[in-house]
Every structure is written in C-alpha cells, then in structure tokens.
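J.: Using full-length UniProt numbering, count along the sequence shown one by one with no gaps and you end on 122.
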Amino acid sequence: MDRWVLRDDQWERIVPLLPGKAGDPGRSGVNNRLFVEAVLWIVRAGAPWRDLPASFGCWNSVFQRFRRWAKAGVFDKVFTALSGDADFEYAIIDGTIVRVHQHGTGARGGLRLRPSAAPAAA
C-alpha cells in the first residue's frame, strides 16, 4: 500500500494490543496493518463493506475478522491507546454517524395506526 492512514509511530503503539502475533494462541494474522487500514478506510469513507477496495482483500473476510475483533474488545483497546493522539481524532466514531440500511429504519411490517385509548374512555 502506498500510503497508510496510521503513521509508523501510531502503528507501533497498537501492535502489542492486536491478536495474531507470533506466540499468541491460534492462527497468526496475515497482515494486521493492512486489516486495520481496511477498517479505517470503511470508517472514513462511510461505505458498505462490499465497497471495500480489492487491494485490502476479500471484503467478507475483512468483515468477518472485524466482527471477531469487535466481539473480543480489540478495538476498544486500540482506540484507548490512540485517543490521546490529536492526529487520530477523525477515527473515533460513535453512533451518531453510523448509517442504517434503508430496510433497517422501521419496525417489521411498516407503520401501523393503532386506535388511541382516549376515545374509549370518553
């Protein structure tokens, strides 16, 4: 990759927090930096996983790895480690900028009008 989002000093601070290092139980990560950069690309672009550029690998593999790391709390540790870095503020996200798919905006079956209890009391 020509240009990384994370600087080398930022990367060196988070490497010990990431799973998949030599000596860790289980399988080692093929390229943790490329994976982290893929996640940052998704966050910055606000794009769906399917639009991840092929240079980052298969979008579904990256997504599945993202889910495993999120469940394990890896990203919480990483963001805590980098939260004091003023140059990294753009990557801290919260629920106010997360978009919902068009089919996930309403309850199942759409809007239903229900009679109010007030007329029955009168």
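Built from N, CA and C at the ideal position, the CB exists for glycine as well.
1) What does the alpha-carbon distance come out to for the pair Gly46 and Ala38?
2) From which residue to which residue does the alpha helix (DSSP H) around Ser61 run?
3) Just curious, the alpha helix (DSSP H) that Ala45 is in, first and last residue?
4) Restricting to Cα atoms, I'd like to know which of Leu17, Arg33 and Pro16 is closest to Arg7.
5) Throw me the rounded Cβ distance for the Arg50 and Trp59 pair, which I believe falls under 8 Å.
6) Pick from Thr80, Ala81, Phe75 and Asp9: whose alpha carbon is nearest that of Val43?
7) With a threshold of 16 other CB atoms inside 10 Å of the CB of Gly95, please say whether the residue is buried or exposed.
8) Since Phe35 and Val62 are thought to touch, with beta carbons under 8 Å apart, how far apart are those beta carbons, to the nearest angstrom?
T.: Reading it off the structure:
1) In the sequence shown, the residue the question calls residue 46 occupies position 46. In the sequence shown, the residue the question calls residue 38 occupies position 38. Those two C-alpha atoms are separated by around 12 Å.
2) To locate residue 61, count along the sequence shown from 1; it is residue 61. Trp59 to Ala72 is the span of the alpha helix (DSSP H), which, as asked, contains Ser61.
3) Translated into the one-based positions of the sequence shown, residue 45 becomes position 45. Element bounds for Ala45: Asn32 to Ala45.
4) Mapped onto the sequence shown, residue 7 falls at position 7. The candidate whose alpha carbon is nearest that of Arg7 is Arg33.
5) What you label residue 50 is simply residue 50 of the sequence shown in a count that begins at 1. What you label residue 59 is simply residue 59 of the sequence shown in a count that begins at 1. About 5 Å; that satisfies the 8 Å criterion.
6) The residue given as residue 43 occupies position 43 in the sequence shown. The shortest C-alpha separation from Val43 is found at Phe75.
7) Residue mapping note: residue 95 aligns to position 95 of the sequence shown, counting from 1. Unreliable positioning characterises Gly95 in this predicted model, as indicated by a pLDDT of 47, which lies under 50. The coordinate reading is nonetheless provided below. Counting Cβ neighbours within 10 Å, Gly95 comes out exposed, since fewer than 16 surround it.
8) In the sequence shown, residue 35 corresponds to position 35, counting from 1. In the sequence shown, residue 62 corresponds to position 62, counting from 1. The pair is a contact, with the Cβ atoms about 6 Å apart (cut-off 8 Å).
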